[in-house]
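Residue numbering for the sequence shown follows UniProt numbering, beginning at 1 and increasing consecutively.
Here a beta-carbon is modelled for each residue, glycine too, at the ideal position from N, C-alpha and C.
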Amino acid sequence: MSLPKVNIALTDELLKGGSFVLTAFGIFVSVWATTSDPSSFVWRYWARYTSSLERKLRPQFIWTKGSTIAGGQAAAMFLMLLAHALVRLSNFVLVVGTVAIIIGPTIWVEKMRRDRVLAIETQLDTTILSLANALKSIPSIGAAFQSVVMVIQDPTRQEFELAVKEMKVGSTLDQALLHMAARIGSRQVDSALSAVLIGRQIGGNLPKVLEQTAATLREMARLEGVVRTKTAEGKAQLWVMALLPAALIYALNMFWQGYFDPLTKSIFGYFLIVVCGGLWIGGILAARKILNVDI
1 MSLPKVNIAL
11 TDELLKGGSF
21 VLTAFGIFVS
31 VWATTSDPSS
41 FVWRYWARYT
51 SSLERKLRPQ
61 FIWTKGSTIA
71 GGQAAAMFLM
81 LLAHALVRLS
91 NFVLVVGTVA
101 IIIGPTIWVE
111 KMRRDRVLAI
121 ETQLDTTILS
131 LANALKSIPS
141 IGAAFQSVVM
151 VIQDPTRQEF
161 ELAVKEMKVG
171 STLDQALLHM
181 AARIGSRQVD
191 SALSAVLIGR
201 QIGGNLPKVL
211 EQTAATLREM
221 ARLEGVVRTK
231 TAEGKAQLWV
241 MALLPAALIY
251 ALNMFWQGYF
261 DPLTKSIFGY
271 FLIVVCGGLW
281 IGGILAARKI
291 LNVDI
């Protein structure tokens, strides 16, 4: 009596293994057929995505290739799918892992850009003062820029070095400064470089203008620090308001299975979900707008 059961179990295992092998082979053939053509949509999207990553990394003086990052994402996705096939990951882990792999690098690159801009803005008043002091002893503003490069720190030094190199290969000072402002993308940097350009064009005591600009930047930084301190509690409450409903829904559904079934089995329930979701999103956007104080 036990022999047929063993044979049936063995047959089930063979069928499961064969279906897994056939599925993997089918996926492999599909991916190979799609990616073998350089003009396919996969290659076009790949080229567009890697180019966008490199466009965000190059202004930060990071020379990692976009294809390296995209290849790491593809490898991470393959490993996660393999782990799901072997150990059966939960749907929640699978969804969260997929979202993290897809948008994680983009978010990380943007965070690096913001941190770099913040570091440049922190060093900006000192840089402007150094330039003003250099102009007191060096009449040429181009030569003053070259001397300032020796005393400032990264990441501002990287931007000034690139501006000096652009001037050496034929760009004017105005062009080099405009390129620097476009790379950094900061309102404070735009204001400081505008002071340099305007003061150079209209003449006058440029070192004095730069010293006043540096004092203004310090005052703006102080006011922004006060605003950040005053709105820190409100931003923490905003995060709680944004995350609490999802966490509460997940916890209730985990402890009481089917707790939200009445909302998903009638038109009125779907209507309530849409209304509540809209109010939740509207509240988040309104709170974000209130807390986004512009100086």
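- Every alpha helix (DSSP H) of 4 residues or more that sits fully in the stretch 136–222 is shown, in chain order, as 141–149, 156–168, 173–184, 187–202.
- Nearest to ARG58 by alpha-carbon distance, out of ALA242, GLY97, VAL96, ALA182, is ALA182.
- For LYS56, the enclosing alpha helix (DSSP H) covers residues 41–57.
- The C-beta separation of THR172 from ALA192 comes to about 18 Å, leaving the pair out of contact by the 8 Å criterion.
- By alpha-carbon distance to PRO139, the top candidate from GLY203, VAL169, ALA119, ASP174 is GLY203.
- SER90 carries a coil assignment under DSSP once its states are collapsed to helix, strand and coil.
- Under the DSSP assignment, GLY258 falls outside any alpha helix (DSSP H); it carries neither an H nor an E label.
- The way I'd put it, the stretch 69–87 does touch the stretch 41–57; three or more beta-carbon pairs between them come closer than 8 Å.
- With a 10 Å radius around the Cβ and a threshold of 16 neighbouring Cβ atoms, ARG116 comes out buried.
- Out of SER130, VAL240, GLY185, the CA that lies nearest to the CA of LEU206 is found in SER130.
- Relative to ALA195, the option among ILE184, GLY185, LEU217 whose CA is nearest is LEU217.
- The Cβ-Cβ distance between MET180 and LEU162 falls below 9 Å.
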